[in-house]
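Number of protein chains: 2
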Amino acid sequence: MRVDHHRMLDHALVGGTGLDPRQVEALAARFPAVRAEVRRRTGEGEYGFTALGGQEAAVAEITRFAEGVGQAHDHVLVLGIGGSALGTRAVLEALRGPGWNELDDEAREFWPRLTVLDNVDPTSVAAALRRIDPRRVLVNVVSKSGGTAETMAQYLVVRAWLEEALGSGATRHLVFTTDPERGALRELARREGIAALAVPPAVGGRYSVLSPVGLLPAALVGVRIEDLLRGARRALAAADTDEFTAHPAALWSGLQWAADTGLGRHIHVLMAYSDRLRAVGDWFCQLWAESLGKRVNREGAVVHVGPTPLAAVGAVDQHSLVQLLVEGPLDKTVTFLGVADHGEDVAIPGRDGLPAELAYLAGHTLGGLLRAEREATAEALARAGRMSCLVELADLSAESVGEALMFFQLATGYAGAWYGVDPFDQPGVELGKRLTYAAMRRPGFV
Amino acid sequence: MRVDHHRMLDHALVGGTGLDPRQVEALAARFPAVRAEVRRRTGEGEYGFTALGGQEAAVAEITRFAEGVGQAHDHVLVLGIGGSALGTRAVLEALRGPGWNELDDEAREFWPRLTVLDNVDPTSVAAALRRIDPRRVLVNVVSKSGGTAETMAQYLVVRAWLEEALGSGATRHLVFTTDPERGALRELARREGIAALAVPPAVGGRYSVLSPVGLLPAALVGVRIEDLLRGARRALAAADTDEFTAHPAALWSGLQWAADTGLGRHIHVLMAYSDRLRAVGDWFCQLWAESLGKRVNREGAVVHVGPTPLAAVGAVDQHSLVQLLVEGPLDKTVTFLGVADHGEDVAIPGRDGLPAELAYLAGHTLGGLLRAEREATAEALARAGRMSCLVELADLSAESVGEALMFFQLATGYAGAWYGVDPFDQPGVELGKRLTYAAMRRPGFV
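As you go down the protein sequences, you meet chains Y and Z in turn. For the first sequence, this note's numbering gives the first residue as 1, with consecutive numbering after it. For the second sequence, this note's numbering gives the first residue as 447, with consecutive numbering after it.
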């Protein structure tokens, strides 16, 4: 993975609207304290996700489970929401492609299809249950707390659907991913002898993609999960330095923070130049928004901070958002998420009688066009005084994807320290939960 | 369609952080001038999309074409980007469901599958061409100008793929949607006798969903396009009033503008409580961002304006963005896009031995839970001083979806007048296009 900040760091490049050298110096001067804080809190157990690089026992357990399931199922149905769904979808789309479920058995090399049901929209749930054969499905119910309203409502629906088809055999089509001790899902697993994997208690939902939450579904569709973790270890190793400009996650997050708080760049766009990384963008949005959007800081002062993440896909959104990015308010940074080697490329053939204005396309490749567009967009943004940077994956292997996921998690952990907030809580969602609960218990509510 | 602004209009409701009565009065006082400007420019031909409610000739032509094609194809492949793809995807997902291509023939009532290829990502294009049978595909190439780089590169690839399988029969598997007179696609259609539909010249790409751009793919998968247009006419009729608070599109866009320019609410979140409306959110983002994000206003003054649209889906993003919406900076408005009747609902069954903390779920429905969550989120936002409003579709019929699409287009047209910018141009994307073109022509570029 390569991180290139030259269009963030060069004040002149963006026409004098970028970070000036004093701002960058101030950032570097603050880095030792930020790093010390992250290390201290890691020692106190707060940054639990950083331990996910090495999980021999969990990997062995997941691999054993996936092999035991074997070819008994041709569909994996994941029930989960938020951090229990976004990471799984990110890994699936990056490594199996967004059109995975449309491929026939041979093209999928006989790995199962995978559907993530992450909403209580009745039309989605009904359509999925009509489409999937209950006799050939493995249902993975994912909730760290074991009591998430949406996921448990889905579970009750899906459980009845399984039992209608399978009777008491339904339990063999279920596997839970939840807290090792507590909550309703763990209780049900114990009582009914349902297979269950543990989410490490120190790992929060939105940081759980590299825990059994994301690893089990990945293994079930043939992703080599040890490669994902090898990539994660590479990102962790890169973060093992006291030198600011050599620390990719601290530098990237520090520049985003400085651009936000110093220059009013409140919106952080992550623009992936790969259809396969679209869902990584959605995953990042939760990570960045829920970790940093906070009413109070670590000292308890009311601050109402937090940048707004915005996921985009190039070249598609050059025809959608880029007009605003180039000409609108100076309130954004853009991080291009590129891929050096897409694994395959497609030649653009010429043909007789091609209208003259299209001749420049022939002889190139789609991959070349995509890269040219990314570079042109970065340059056009710079000429309009807009900062951008590049995070480039070497390829779309499990190792590179695991590295990128851990990089963004580390960056978010560091951002918590730059912003001075707790990146692991989400107190702002509690009131909505309580109001929903109250409404559901009110007499007469349908 | 119902638009409910009470949480935008009541200053007290959002704890004194909302629009105060004087701001709302100022808005109402400006409305006659805004409305007069929109009417004058419509008379001058600028608001071409407002003529799309009645298109007897185009509807007849599209219906004839779709019927002529009959059952000869089991896959429709749309090549297009930006406004040539987003509207088609919005209509397909809203009316056929996001999982349409995963349904078997019977569940699709023998209507074809539909794939929108909107990027030049080589892995997506290669995967689609491996998956689709060229002998059973109809390829709809959509580019208003007829020269869009990404779409024409796709066309050259797909054309060669068709010819390899079909020889000179390839042309019968193609239909173009483009300018009636000009551009490379029109030239090719004429020269090779390829079927071609016309995009009305007065209709810009991002306002073209209800033109043949969106109507042809919709008709090909069995959507009753006359219902879409009947809905559009309903939205147009609702906009035929001089009374500000009775004019849904002017009121909604005026409140967004006042919240942005008067209260610093620069980010406009559209949060759909329906998986089927997720793609409507993406479509809206292009419409709002590209229409309003402008360097200069109508008078030529440099202003750098434009709100940032953000598409979200509930209840999913309650577990992602809502923490930021509730606790972060006071820089957002939220528009909930709801559905009164989803068309079907799913009961949440109880069961023996259900852990006590889950008992409140049993006996309700997924649709009821989804509605409770939407209302709880709106209330939680209000208690935290955050403005929101509701746009509620009666159902997910073609008529309701057509009405919503026209409503948001009208709102964007009005927003152009509130912001004082041209909502129909996109000068900020030109430099990127020129730089891409220059890179592709440079010797040695692969």
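Cβ coordinates follow ideal geometry from the N, Cα and C atoms, glycine included.
Return the CA-CA distance between residue i and residue j, expressed in angstroms with no decimal places.
i: residue 228/Y; j: residue 145/Y; result: 25 Å
i: residue 189/Y; j: residue 183/Y; result: 10 Å
i: residue 162/Y; j: residue 569/Z; result: 36 Å
i: residue 876/Z; j: residue 355/Y; result: 21 Å
i: residue 486/Z; j: residue 11/Y; result: 45 Å
i: residue 141/Y; j: residue 81/Y; result: 10 Å
i: residue 426/Y; j: residue 769/Z; result: 6 Å
i: residue 64/Y; j: residue 165/Y; result: 27 Å
i: residue 218/Y; j: residue 88/Y; result: 7 Å
i: residue 215/Y; j: residue 549/Z; result: 28 Å
i: residue 867/Z; j: residue 734/Z; result: 12 Å
i: residue 156/Y; j: residue 796/Z; result: 7 Å
i: residue 276/Y; j: residue 471/Z; result: 48 Å
i: residue 176/Y; j: residue 137/Y; result: 14 Å
i: residue 201/Y; j: residue 462/Z; result: 40 Å
i: residue 93/Y; j: residue 280/Y; result: 8 Å
i: residue 450/Z; j: residue 111/Y; result: 48 Å
i: residue 71/Y; j: residue 59/Y; result: 19 Å
i: residue 412/Y; j: residue 423/Y; result: 7 Å
i: residue 707/Z; j: residue 455/Z; result: 16 Å
i: residue 384/Y; j: residue 327/Y; result: 7 Å
For residue i, count neighbouring C-beta atoms within 10 Å of its own C-beta (all shown protein chains included) and say buried if the count is 16 or more, exposed if not.
i: residue 489/Z; result: exposed
i: residue 91/Y; result: buried
i: residue 154/Y; result: buried
i: residue 888/Z; result: exposed
i: residue 748/Z; result: exposed
i: residue 49/Y; result: buried
i: residue 481/Z; result: buried
i: residue 594/Z; result: buried
i: residue 45/Y; result: exposed
i: residue 242/Y; result: exposed
Which bits of chain Y does residue i rub up against, with CB to CB less than 8 Å?
i: residue 576/Z; result: 107
i: residue 891/Z; result: 364, 368, 372
i: residue 721/Z; result: 119, 121, 123, 124
i: residue 586/Z; result: Result: empty, since nearest Cβ-Cβ is about 17 Å, beyond 8 Å.
i: residue 790/Z; result: 122, 123, 126
i: residue 829/Z; result: 431
i: residue 821/Z; result: 435, 439
Along chain Z, in chain order, which residues have C-beta atoms closer than 9 Å to that of residue i?
i: residue 349/Y; result: 602, 603, 605, 606
i: residue 387/Y; result: Neighbours of residue 387/Y on chain Z: none; closest Cβ ~15 Å, over 9 Å.
For a contact meaning CB atoms closer than 9 Å, what does residue i contact in chain Y?
i: residue 776/Z; result: 304
i: residue 740/Z; result: 323, 324, 327, 328
i: residue 886/Z; result: 360, 361, 364, 368, 369, 372
Against residue i, what residues of chain Y qualify as contacts under a CB-to-CB distance less than 7 Å, listed in chain order?
i: residue 764/Z; result: 429, 432
i: residue 840/Z; result: Neighbours of residue 840/Z on chain Y: none; closest Cβ ~15 Å, over 7 Å.
i: residue 745/Z; result: Chain Y residues near residue 745/Z: none, gap ~16 Å exceeds 7 Å.
Can you list the residues of chain Z that residue i reaches, using a CB-CB cut of under 7 Å?
i: residue 20/Y; result: Result: empty, since nearest Cβ-Cβ is about 20 Å, beyond 7 Å.
i: residue 187/Y; result: 801
i: residue 289/Y; result: 766, 767, 769, 770
List, in order along the chain, the chain B residues whose C-beta lies closer than 7 Å to that of residue i?
i: residue 492/Z; result: Looking at the structure shown, chain B is missing, and the protein chains on hand are Y and Z.
For residue i, go through chain Z and note every residue whose CB falls closer than 8 Å to its CB, in chain order.
i: residue 191/Y; result: 799
i: residue 426/Y; result: 769
- Item | Residue ranges of each alpha helix (DSSP H) within the region 614-688 of chain Z, 4 or longer | 630-638, 658-666, 671-684
- Query: Per the contact definition of three or more C-beta pairs closer than 8 Å, is the region 268-285 of chain Y in contact with the region 336-349 of chain Y?
  - Reply: yes
- Message: Using 8 Å as the cut-off, can you tell me whether the region 677-694 of chain Z makes contact with the region 844-856 of chain Z, which would need three or more C-beta pairs spanning the two stretches below that distance?
- Response: yes
- Message: With a threshold of 8 Å, are at least 3 pairs of Cβ atoms found where one atom belongs to the region 345-364 of chain Y and the other to the region 796-814 of chain Z?
- Response: no
- Message: Runs of 3 residues minimum, wholly inside the region 314-361 of chain Y: which ones carry the beta strand (DSSP E) assignment?
- Response: Positions of the beta strand (DSSP E) runs, each at least 3 residues long and wholly inside the region 314-361 of chain Y, are given as 332-341 in order along the chain.
- Message: Three Cβ pairs or more, each shorter than 8 Å: is that satisfied between the region 499-513 of chain Z and the region 599-618 of chain Z?
- Response: With fewer than three CB-CB distances shorter than 8 Å, the region 499-513 of chain Z does not count as touching the region 599-618 of chain Z.
- the region 815-829 of chain Z / the region 703-713 of chain Z touching (three or more Cβ pairs under 8 Å): no
- Message: Counting beta carbon pairs with one atom in the region 556-566 of chain Z and one in the region 736-743 of chain Z, are three or more of them shorter than 8 Å?
- Response: no
- Task: Could you pull out every unbroken beta strand (DSSP E) segment of at least 3 residues lying fully inside the region 512-589 of chain Z, listed in chain order?
- Result: Secondary structure within the region 512-589 of chain Z: the beta strand (DSSP E) runs of 3 or more consecutive residues, fully enclosed, are 521-525, 559-563, 583-588 (chain order).
- Can you list the alpha helix (DSSP H) stretches of 4 or more residues lying completely in the region 692-729 of chain Z, in chain order? You should have 694-709.
- Query: Is the number of C-beta pairs between the region 845-865 of chain Z and the region 694-708 of chain Z that are closer than 8 Å three or more?
  - Reply: yes
- Query: Is it true that the region 470-487 of chain Z meets the region 648-659 of chain Z, where meeting means three or more beta-carbon pairs spaced less than 8 Å apart?
  - Reply: no
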